[in-house]
Amino acid sequence: MSSEIAIDRTHCPSLLPPNPVLTVLDVSHRFGPGCSKCAELTGERFDTNRCAACGSVVALHEVS
Numbered sequence: 058m059s060s061e062i063a064i065d066r067t068h069c070p071s072l073l074p075p076n077p078v079l080t081v082l083d084v085s086h087r088f089g090p091g092c093s094k095c096a097e098l099t100g101e102r103f104d105t106n107r108c109a110a111c112g113s114v115v116a117l118h119e120v121s
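Residue numbers (the numbering used here): 58 to 121.
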């Protein structure tokens, strides 16, 4: 009886990270009507993501 193990070397795991599926630059998204002040009135400086002028929630702003 022969016990041979077939090794498929075409699918060996790599130590390198895989190529990105999606790359984005400066993505912004808000929930609500939005206004020109949304980015100015939110963020770490104001400790909130809710716009004081229109009430929109800024989820992302210029994320890369």
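Glycine residues also receive a C-beta, built at the ideal position from the N, C-alpha and C atoms.
Keep in mind it's a predicted model, so treat the numbers as computed, not measured.
For S93 versus L117, is the C-beta distance shorter than 7 Å?
no
Between the beta-carbon of S71 and the beta-carbon of G89, is there less than 7 Å?
no
Looking at the structure shown, is L117 part of a helix, part of a strand, or coil, going by DSSP?
strand
Taking the alpha-carbon positions, what's the C111 to F103 distance?
15 Å
Suppose you measure from the CA of T80 to the CA of P74; what does that come to, to the nearest Å?
Straight-line spacing of the CA atoms in T80 and P74 works out to 15 Å.
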